[in-house]
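If you use my numbering, the sequence shown corresponds to residues 8 to 836, in order. Virtual Cβ for every residue (Gly too), placed ideally from N, Cα, C. Since we're looking at a predicted model, the values are computed, not measured.
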Amino acid sequence: MLFALLSLFLVQSENQFVAEQTATPVSAIVAPAGFQVQLLRSATPEEGSWISMTFDHKERLIFGRDDAGLMRLTLTSTENNDKSSTSVSLVENLTSDHADIAKLKHCRGVLYAFDSLYVSATNSNGFYRLQDSDGDDHFDKVTLLKTMDYRSRYGHGTNQIVKGPDNMVYVVNGNDVSFPEGFATDSPYQNPHNDWLLPWPHDLGHDDRVGHILKVTPDGSSWTIIAGGFRNQVDMAFSPEGEMFTWDADMEWDSGTPWYRPTRLNHIVSGGEYGWRWGTGKWADWYPDSLPTTLDTGLSSPTGLTFATDSRFPEPYRSSLFMADWQNGKILRVTLRPAGASWKASSDLFIEGAPLNVCDMAFGPDGSLYFITGGRGSQSGLYRVTWTGADSDLPRIDPEMTVSSEEAETAAKARQLRRQLESFHGHHDPAAVNTAWSMLNSDDVWLRNAARVAIEWQPVDEWRQRALQETRPTAALTALLALARTDEASYQPQLINAVLKHWNENSSAEQTLIALRTLQLSIIRQGTPSEELRQAMRNRLEMIYPSVDVRSNRLACELLIRLKSPVALERTLTLLETAATQEEQIFYAKALTFIDSEWTTADRLRILHWFRKALQFRGGRIVEQSVRRIRDAHLAGIPESQSMELAAIIASVQDEAIKEEPVPPRPFVRNWQLEEVLDDVLHMSDRSIEAGQQAMAAASCLKCHRFGDRGGREGPDLTQVAKRFDRRTILESILQPSKVIDPKYRQTVYVLTSGKVITGRTLQVSKNKLVIETNPLTGESVEVSRDDIEESAPSTVSLMPEGLANTLSKAEIQDLIFALQHPPQQSGP
């Protein structure tokens with residue numbers, strides 16, 4: 008069933024606790040001892056769903072709406088018996104200020120600064136500045152500062168906006184937005200390359216778009232790209248030291264694959280490359296030409312980010328970073344500790360509710376934390392969190408996260424040095440090479456990265472020979488990495504020989520990774536080396552492959568296959584059979600598809616036996632699809648002379664992966680309407696979880712949806728749905744699946760110039776073509792040229808058919824929703 012429920016996830020309008028519309032009550036929210044949570048307002052239907060927030064110059068709150076337009080709320084504080092309370096005294100719809108405000112669609116970011124309101128209107132493809140030119144407290148001037156080339160309907164567009172300590176405006180763009188036209192030529196981050204040694208055919212066709220951070224002058228005259236290589240980082244925040252952080256999530260469908268990257272907190276630095284790429288091509292965070300994660304947080308849906316620097320929270324809370332997880336109904340508290348020129352971090356739970364789909368948050372002028380819930384048309388609420396506790400309520404401080412004054416001073420000097428190196432980014436400076444060169448040998452990856460980027464910005468004639476003649480191994484290999492990224496093919500022989508000279512049996516694991524990645528980049532950017540160089544590379548690589556280091560095995564595997572090493576097949580098959588994790592195994596199986604000869608029948612038998620196991624791997628939706636694609640690539644390579652002998656096992660691995668047992672047909676019960684079931688669902692108490700899970704199977708939910716360790720992957724995972732949506736929302740999405748559709752699962756109708764109509768979900772988007780998935784159950788897709796598309800429009804019909812609950816009794820519907828609110832533990836990704 009594309010019980011795409013919750014694909015479809017949908018409009019939250021009323022809370023399960025009362026029949027009228029209201030946000031989740033504070034009684035359903037858990038906060039640490041000493042903190043008080045107050046629900047200040049539940050949005051009415053006319054006020055829409057709120058997804059972004061900012062305080063203006065009069066300490067009022069302005070909200071960006073999910074659909075279109077802006078709201079403004081005035082807060083009033085009162086004192087009662089030495090206790091202060093805050094309430095909403097005025098609600099204004101700002102669309103009445105100016106006709107163009109109503110045209111600002113899906114306002115993912117709002118910022119009041121410089122006597123202006125800045126708005127990221129994602130679905131209007133623009134970044135706007137609103138001003139009150141006559142001082143009457145109404146925005147009468149709406150200026151489009153920049154058109155954003157946003158090519159998706161999935162929400163990875165222009166996101167939050169933050170004022171920096173340098174009095175500049177920072178804009179967060181997701182991976183579906185191209186770099187803005189006319190960006191500054193001295194931007195430290197430019198021209199992201201895929202840099203894939205073995206490009207997977209299914210990844211080709213995407214534009215080189217990546218999520219990025221922009222620094223903008225208040226008048227919008229200059230746009231500088233600071234860093235990139237993100238997927239859909241929604242927000243960012245500045246630490247008390249002026250350091251930038253963002254929280255980015257990979258596609259959860261990819262969990263369980265070798266290219267999946269857990270949701271990660273990233274320290275943003277000038278020229279920082281964070282390695283997100285389309286499809287299977289995401290870089291590992293240990294690549295020496297990328298920067299590592301600061302903290303992995305598991306499957307999450309990052310939204311708001313804010314430091315408590317200006318709060319009235321006590322320590323250790325005031326020194327913390329707070330991060331909102333929309334999917335899991337949580338706000339996390341992150342403790343940061345200096346580590347060289349960067350930071351290390353740990354996190355713990357701050358606030359949790361069900362549902363508590365937090366979209367944005369900010370500390371107000373009163374030092375309290377304010378946050379809003381909403382998104383995807385759901386019920387919004389405004390909450391205030393204040394400290395009312397005593398010292399005895401404060402948490403124990405982790406000794407490992409404490410910093411001595413000496414350590415703090417050392418870290419501050421390292422950050423200062425990093426910023427000095429970053430001052431050379433984006434332009435030529437005669438002092439850059441000499442200043443940065445010594446830091447190429449640093450043990451601190453952040454200093455080494457800043458130095459390498461500074462050098463790469465200088466004319467290569469100024470440092471090429473120095474790189475080739477450097478004698479310190481780490482400095483030499485890092486300089487050669489920079490040289491490999493210059494596309495200078497004429498110097499490839501000297502570069503490769505220098506790498507092989509400095510990389511030997513005495514090299515550290517980190518030096519080995521730099522050497523291997525440099526050899527890869529030389530081939531990728533400078534072309535295939537001579538046979539003499541290829542043989543020299545094979546000789547060295549075959550000495551270390553395989554090793555105990557999974558990271559070097561991955562890089563060496565790709566190199567040996569690209570260089571057509573005669574030992575690559577046998578050694579990689581052995582690694583495939585002995586690797587400890589499914590992620591490693593999938594990596595080797597995929598790499599082996601690039602070996603198109605040398606396969607004996609016995610070799611083919613080994614890989615085919617592996618597929619019998621691999622089709623049962625756990626993980627996101629993409630796991631099964633990827634294993635099938637790897638299988639199909641291997642099957643296509645089997646010559647006729649071997650296919651007859653292997654016919655039986657080939658037939659066995661062509662079978663579909665195990666699915667849920669077929670559901671016997673059930674008799675029709677009733678064409679259920681929302682009002683017939685709603686009151687019983689809202690007021691039910693204890694129900695049977697087991698009966699609910701049985702109802703889930705009976706209604707065919709598990710054909711398409713994951714719940715715990717059961718079910719398909721074509722629709723959204725329902726395991727944590729109750730963290731995002733309440734009983735009414737869940738019931739509404741079951742009975743009215745097309746009312747609101749999750750953008751990730753919404754289909755688009757394309758009318759071609761030939762008159763043909765194609766309906767499906769867009770998988771790949773580029774300037775010239777689209778790849779459209781026409782059957783989510785089989786993964787079948789078609790490629791369409793943009794020139795052949797006459798018109799397109801989002802489908803108003805959900806993939807989930809109506810009436811799937813019509814074979815259930817009212818009691819079974821209650822049990823089903825109760826079971827969704829009490830999910831089982833998942834044993835795998």
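- Fully enclosed beta strand (DSSP E) runs of no fewer than 3 residues occupy 57 to 62, 68 to 72, 77 to 87, 90 to 100, 114 to 120, 123 to 128 of the region 55 to 133, in order along the chain.
- Relative to the Cα of L204, the nearest Cα in the group G249, D139, R569 belongs to R569.
- The beta carbons of M408 and L428 sit about 27 Å from each other, so the pair does not count as a contact at 8 Å.
- Between D603 and G644, the beta carbon gap of about 6 Å places them in contact (Cβ cut-off 8 Å).
- In this structure, the CA atom of R619 is about 20 Å from the CA atom of P646.
- Relative to the Cα of E652, the nearest Cα in the group D610, S246, A621 belongs to D610.
- Our two residues, G164 and Y157, have alpha carbons roughly 6 Å apart in a direct line.
- The C-beta distance from G236 to Y281 rounds to 4 Å, short enough to meet the 8 Å contact threshold.
- When Cβ pairs closer than 8 Å are counted between the two stretches, the region 399 to 417 is seen not to touch the region 433 to 446, the count staying below three.
- For the pair L742 and N87, the Cα-to-Cα distance works out to about 46 Å.
- Within its own chain, the residues whose Cβ lies closer than 6 Å to the Cβ of A35, once the five positions on either side in sequence are excluded, are G360, listed in chain order.
- The Cβ atoms of A30 and D400 lie no closer than 7 Å to each other.
- In the structure shown, D610 adopts helical secondary structure according to DSSP, grouped into three states.
- For P500, the uninterrupted alpha helix (DSSP H) segment begins and ends at 499 to 509.
- When Cβ pairs closer than 8 Å are counted between the two stretches, the region 115 to 127 is seen to touch the region 169 to 177, the count reaching three or more.
- Secondary structure at Q821: helix, using DSSP grouped into helix, strand and coil.
- Our two residues, H145 and S385, have alpha carbons roughly 28 Å apart in a direct line.
- About 7 Å separates the CB atoms of A369 and T61; that is less than 8 Å, so the two are in contact.
- The Cβ-Cβ distance between S375 and T395 does not fall below 7 Å.
- Residue state for H209 is assigned as helix, using DSSP reduced to three classes.
- Collapsing the DSSP output to three states places P480 in a helix.
- With distances taken between CA atoms, E591 lies nearest to D556 out of Q28, T535, E250, D556.
- With 16 or more other CB atoms across the displayed protein chains lying within 10 angstroms of its CB, A348 is buried.
- The beta carbon of R79 sits closer than 6 Å to those of R67, I69, E99, L101, all from its chain and outside the five residues before and after it, given in chain order.
- Residue pairing from DSSP places F245 in a beta bridge opposite M251.
- R319 carries a coil assignment under DSSP once its states are collapsed to helix, strand and coil.
- Taken atom to atom, the span from the alpha-carbon of S449 to that of N456 is near 9 Å.
- The shortest C-alpha to C-alpha distance from I521 to any of Q501, A543, A489 is the one to A489.
- Under DSSP, L777 shares a beta bridge with V772, V791.
- The C-beta separation of W260 from K597 comes to about 17 Å, leaving the pair out of contact by the 8 Å criterion.
- Taking every protein chain shown into account, the CB of T342 has 16 or more other CB atoms within 10 angstroms, so this residue is buried.
- Exclusion of the five residues before and after K112 leaves A75, A128, N130, S131 as the residues of its chain whose Cβ lies within less than 6 Å of its Cβ.
- Taking a 10 Å sphere around the C-beta of P831, we find fewer than 16 other C-beta atoms and assign the residue as exposed.
- Judged by pairs of C-beta atoms under 8 Å, the region 499 to 515 touches the region 536 to 552, as three or more such pairs exist.
- Residue pairing from DSSP places N180 in a beta bridge opposite T165, H219.
- DSSP lists T342 as the bridge partner or partners of S353.
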